[in-house]
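The structure under discussion appears below in the form of structure tokens.
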Amino acid sequence: MLIAQLSDPHIDLERPHKAAAFGEAVRHLLGLPMRPDALIITGDCTEHGHPDEYGEFQALLRPLPMPVYLVPGNHDDRAEMLRRFPAPAGALPGFLQYVVDDFAVRLIGLDTQIPGQGRGELDAGRLEWLDARLSEAPERPTLIFMHHAPLKTGVQVMDALGLDGSAELCETLLRHPQVARIVTGHVHMALTQRFAHTTVMTCPGTDATLQPDLSQPRKMVVQYQPPVCLLHAWSEATDLLTFTSLIGDVPWTVLHDGQTWAPAQPGAPLRS
Ligand SMILES: [Fe+2]
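Numbering-wise, the sequence shown is residues 1259 to 1530 according to my numbering.
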């Protein structure tokens, strides 16, 4: 079983390089030697949540033969996503939060969005739903995917946009050791951290992958790096293994040195 993950395409019709980068990521998936069984996209599918942006996003996904599973990010419009990507049966009403039971690893998408805010949350209702779903299948290895990450990055700009309810999520997951991984987006960096009995991994964005400088935690030093996708592979022999696959042939470009933005940058300052 192979589940591919992309994140944070931030499709923006005013800045077409974002759609071009996402199109490159889709072509990358089609060219992999092993075809993924499914693709998960961990939020911020669009920059502004406009219907036209979702139209472009859907058009870019069309060449993919495998099912695509989404959760909303802080830049998304949940209602528009639910119209275009209906949640499966059993989803939490009013949210894009659901279980996929079609693979060797059970997939659970969590909706961490607070409409209109950069921060995310898992409130009591969303966590109770998660607790009930995990109680249904305690023997099945499970991968949770969501937008906001339950960790501190050390970059203050990012941590101001963190996840409320992380401690309560940790308490919930301590009761369910079958959760093999939590994977997220949002931070535009590749981070790994322990969490309850499991591991959190963040997937960089197809639009912008950042390189933090932890010696300057109040500033966000922003460099473009080559975008990546994560490939989550499971077998009896290996359990859940995550590979990082570099997309395209992109040179490293410094966009912000901690003092000023470079003059010629492809697009406006980055937001998350
Ligand atoms: Fe985000």
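Beta carbons: idealized from backbone N, C-alpha and C, even for Gly. Because the structure is a prediction, the values reported are computed rather than measured.
How close, in whole Å, do the beta carbons of histidine 1406 and leucine 1421 come, if the pair is a contact with beta carbons under 8 Å? Within the sequence shown, residue 1406 is the residue found at index 148, counting from 1. Within the sequence shown, residue 1421 is the residue found at index 163, counting from 1. Indeed, because the Cβ distance is near 4 Å, the residues count as touching under 8 Å.
Is it buried or exposed for glutamate 1397, if we count other Cβ within 10 angstroms and need 16 for buried? By one-based count along the sequence shown, residue 1397 stands at place 139. Burial call: exposed.
Option in Val1326, Val1357, Asn1332, Leu1350 with minimal Cα separation from arginine 1342: In the sequence shown, residue 1342 corresponds to position 84, counting from 1. Here the closest residue by C-alpha is Val1326.
Which whole-angstrom value is the C-beta distance of valine 1329 and phenylalanine 1280, which I expect to be below 8 Å? Sequence index remark: in the sequence shown, residue 1329 carries index 71 (1-based). Sequence index remark: in the sequence shown, residue 1280 carries index 22 (1-based). In fact, because the Cβ distance is near 16 Å, the residues do not count as touching under 8 Å.
Can you check which of these residues, Pro1475, Leu1472, Leu1449, Gln1474, is closest to glycine 1463 by C-alpha distance? Looking up residue 1463 in the sequence shown gives position 205. Comparing Cα positions, the closest option is Leu1449.
Assuming aspartate 1229 and histidine 1446 make a contact with CB atoms under 8 Å, what is their CB distance in whole Å? For the chain, the structure presents residues 1259 to 1530; residue 1229 sits outside this window and is missing.
Leaving out the 5 sequence neighbours to the left and right, which residues in its chain are closer than 6 Å to aspartate 1335 when beta-carbon positions are compared? Taking the sequence shown and counting its residues from 1, the one referred to as residue 1335 is at position 77. Closer than 6 Å at Cβ, skipping near neighbours: Gly1307.
Per the DSSP calculation, methionine 1459 is bridged to which residue(s)? Taking the sequence shown and counting its residues from 1, the one referred to as residue 1459 is at position 201. DSSP lists Val1441, Thr1450 as partners of methionine 1459.
Say yes only if the C-beta of histidine 1405 is nearer than 8 Å to one or more non-hydrogen atoms of ligand 1, and no if none qualify. Position 147 of the sequence shown, counting from 1, holds the residue named residue 1405. Within the cutoff, so yes.
Which residues mark the beginning and the end of the alpha helix (DSSP H) in which tyrosine 1310 is found? Within the sequence shown, residue 1310 is the residue found at index 52, counting from 1. It is aspartate, not tyrosine, that sits at residue 1310 in the sequence shown. From DSSP, the alpha helix (DSSP H) with aspartate 1310 extends over 1309-1319.
Run through DSSP, which three-state label would glutamine 1481 get? Walking along the sequence shown from the start, residue 1481 turns up at place 223. Strand.
Under a Cβ-count criterion, where at least 16 other Cβ atoms within 10 Å of its own Cβ denotes burial, should threonine 1502 be classed as buried or exposed? Working through the sequence shown from its first residue, we reach residue 1502 at position 244. Looking at its Cβ environment, which holds fewer than 16 other Cβ atoms inside 10 Å, threonine 1502 is exposed.
Quick check: what's the CA-CA separation for leucine 1368 versus tyrosine 1356? For the purposes of this step, residue 1368 is taken as the residue at position 110 of the sequence shown. For the purposes of this step, residue 1356 is taken as the residue at position 98 of the sequence shown. One C-alpha to the other measures close to 7 Å.
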